[in-house]
């Protein structure tokens with residue numbers, strides 16, 4: 057595809073359930089980032105991938121959050137035992153190589169609502 | 039730790055007029071980048087302009103320009119000849135250019151810009 061694709065666009069889940077959010081980066085982009093955008097906290101960095109490795113996971117808020125990337129392409133962010141405070145928009149971005157010397161391209165995000 | 043502050047939660051401008059959005063940041067680093075991103079209702083963040091801290095010349099991109107005051111740690115965005123399509127949330131962001139946090143964007147809380155016809 058021409059841009060970064062995220063799915064689903066919207067997700068409503070019950071508290072305590074697990075959810076998976078998917079990110080398809082631009083083909084050939086080695087760097088991939090996940091951010092969380094919530095009303096009270098603004099945009100927060102979650103994790104950075106270079107290829108399939110995650111050199112920086114420092115932004116993951118708890119051990120209920122995990123992410124993987126396979127084939128240097130698709131990434132999945134998994135939230136286990138969701139809580140209401142997990143409700144937010146989860147944005148994915150990719151770039152040809154590690155920022156900030158290049159441009160990051162963002163997807164349209166997944167809006168997660170935990171009820 | 040680095041921080042980014044946008045002190046204007048909302049701004050309004052008349053179509054064809056000029057508006058300036060403010061941003062200040064705090065860092066002890068010398069090698070970094072600053073960014074302005076636009077987020078329309080579609081939620082997709084779009085890069086508006088980027089400034090490297092080592093460059094003294096202010097970045098410009100068509101109707102968008104910045105006033106980068108390194109000593110004051112200020113990075114404002116000027117939008118000239120405002121258009122209806124400029125209405126969006128604007129985020130100022132910081133990124134270190136070295137070390138473990140290189141490339142991780144630190145965002146301000148945003149300024150919602152409205153454009154009046």
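Protein chains in written order, with this note's numbering: chain A, 57 to 171; chain B, 39 to 155.
Even for Gly, the Cβ is constructed at its ideal location relative to N, Cα and C.
Asked                                                                                                                : Found
Close Cβ partners of residue 72(A) (< 7 Å) along its chain, the five nearest in sequence each way excluded           : 137, 138
Interface flag, residue 100(B) vs chain A, CB-CB below 7 Å                                                           : no
Sequence-distant residues of its chain with Cβ nearer than 6 Å to residue 44(A) (five each side left out)            : No information on residue 44(A) is available, as it lies outside the stretch 57 to 171 that chain A covers here.
Neighbourhood of residue 116(B) by C-beta, 6 Å cutoff - its chain only, sequence neighbours within 5 removed         : 58, 103
Contiguous beta strand (DSSP E) assignments of at least 3 residues, all confined to the segment 78 to 127 of chain B : 84 to 90, 102 to 107, 112 to 117
Own chain, CB closer than 6 Å to residue 112(B), minus 5 neighbours either side, in chain order                      : 62
For residue 135(A): DSSP bridge partner residues                                                                     : 75(A), 121(A)
Chain A contact for residue 82(B) (CB, 7 Å cutoff)                                                                   : yes
For residue 150(B) and residue 53(B), the rounded distance between their alpha carbons                               : 15 Å
Interface partners of residue 63(B) on chain A, CB under 8 Å                                                         : Residues of chain A passing the Cβ test: none, with the nearest at roughly 14 Å.
Neighbouring residues, chain A, relative to residue 147(B) (Cβ below 7 Å)                                            : 98
Any C-beta of chain B under 7 Å from that of residue 155(A)                                                          : yes
Separation of residue 144(B) from residue 103(A), as counted between CA atoms                                        : 13 Å
Helix, strand or coil at residue 64(B) [DSSP, three-state]                                                           : strand
Cβ of residue 159(A) within 7 Å of any chain B Cβ                                                                    : yes
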